[in-house]
Amino acid sequence: ERVSSGKDEL
Amino acid sequence: MNIFRLTGDLSHLAAIIILLLKIWKSRSCAGISGKSQILFAMVFTTRYLDLLTAYISLYNTSMKIIYIGCSYATVYLIYAKFKATYDGNHDTFRVEFLVVPVGGLSFLVNHDFSPLEILWTFSIYLEAVAILPQLFMISKTGEAETITTHYLFFLGLYRALYLINWVWRFYFEGFFDMIAIVAGVVQTILYCDFFYLYVTKVLKGKKLSLPA
């Protein structure tokens, strides 16, 4: 799961 | 980082720079929807708040800063510096019909009910529809300058390339983000009609004009 801070995509 | 992701980002950057240069060189923002540009500024602002909380890479940070900076510069040119050339009479899309439902949806459907995550989700949903005021304006006036169509083409191409990137990442990294994918599909679909006109008219040297 990919949540909150730290998205690698723009 | 795969080739589709990189070319997607570069396509997005190209779109932003094309628009900025078009306005700057012609000293005019005629035919450009200021409302769409305000929505994009909102998109970048709410999505890149993680600049303050997380460091991913120099590439990531620089691109975010460039996108935000160019976006605000564009809004400044339209609503301040070249305000006299802004075609407000044709820029009549009611943005509250986008922002309010998108705001509601981002509270209801998100990965995590936290402020930063909700704002990120809001930015993803809003980006999917932020071009509608611009497309509405073109449908109203029935035409677009060729340089404006290049801007729209690169802007649409960017999300289409991201879709391929997500297929790639699903197969090779097991990664997928349903919110981004669904919104990205919607966003790309909105450009399809325009892509058709771009290929059949603009690329053949004709101006983009719609039948009356």
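Those sequence lines, one after another, are chains A and B.
Heads up: the first sequence is residues -15 to -6, going by this note's numbering.
Heads up: the second sequence is residues 271 to 482, going by this note's numbering.
In this text, a Cβ means the ideal position worked out from N, Cα and C, and glycines have one as well.
Which listed residue (the options) has its alpha carbon closest to that of residue i
i        : options                                   : result
B:Tyr421 : B:Leu276, B:Met271, B:Thr277 and B:Ile286 : B:Ile286
B:Val370 : B:Leu396, B:Leu328 and B:Gly304           : B:Leu396
B:Thr416 : B:Cys462, B:Leu276, B:Ile302 and B:Met333 : B:Ile302
B:Thr458 : B:Thr277, B:Leu309, B:Arg429 and B:Lys353 : B:Arg429
B:Pro385 : B:Leu405, B:Asp361, B:Tyr356 and B:Tyr318 : B:Tyr318
B:Ala300 : B:Gln404, B:Asp382, B:Val365 and B:Phe446 : B:Gln404
B:Tyr483 : B:Gly304, B:Ala284, B:Asn359 and B:Ala398 : The structure shown does not extend to residue 483 of chain B, since chain B is modelled only from 271 through 482, so no value can be given for it.
B:Thr362 : B:Lys410, B:Gly373 and B:Asp382           : B:Lys410
B:Val469 : B:Phe424, B:Thr355 and B:Leu368           : B:Phe424
Presumed contact (8 Å Cβ cut-off) between residue i and residue j, rounded CB distance
i        : j         : result
B:Asn272 : B:Asn435  : 6 Å
B:Asp320 : A:Lys(-9) : 6 Å
Contact set between residue i and chain A, taken where Cβ atoms lie within less than 7 Å
i        : result
B:Pro357 : The sequence given here places Asp at residue 357 of chain B; Pro does not occur at that position. None at all; the shortest Cβ gap to chain A is about 30 Å.
B:Met312 : Within 7 Å Cβ-Cβ: nothing; B:Met312 doesn't reach chain A, min ~16 Å.
B:Met448 : Under the 7 Å cutoff, chain A gives no residues; its nearest Cβ is about 10 Å from B:Met448.
Cβ-heavy atom distance, residue i to the ligand GDP, below 6 Å
i        : result
B:Gly412 : The ligand GDP is not part of this structure, which contains no ligands at all.
- Task: Taking only beta carbons into account, state which residues of the segment 375 to 391 of chain B come closer than 8 Å to chain A, listed in chain order.
- Result: So the list reads His381, Asp382, Ser384, Leu386, Glu387 and Trp390, given in the order they occur along the chain.
- Compile a chain-ordered list of the residues in the segment 336 to 350 of chain B whose CB is closer than 9 Å to at least one CB of chain A. Tyr337
- Query: For the segment 345 to 360 of chain B against the segment 293 to 303 of chain B, are there 3 or more C-beta pairs whose distance is under 8 Å?
  - Reply: yes
- Should the segment 472 to 479 of chain B be regarded as contacting the segment 303 to 317 of chain B, the criterion being three or more beta carbon pairs within less than 8 Å? no
- Message: Using a Cβ distance threshold of 8 Å, determine whether the segment 329 to 346 of chain B contacts the segment 429 to 449 of chain B, with at least three qualifying pairs required.
- Response: no
- Validate contact between the segment 336 to 344 of chain B and the segment 390 to 410 of chain B using beta carbons, cut 8 Å, 3 pairs: no
- Task: Compile a chain-ordered list of the residues in the segment 316 to 334 of chain B whose CB is closer than 7 Å to at least one CB of chain A.
- Result: Legend: CB atoms of the segment 316 to 334 of chain B lying less than 7 Å from CB atoms of chain A belong to residues Asp320, Thr323, Ala324, Ile326, Asn330, Met333 and Lys334.
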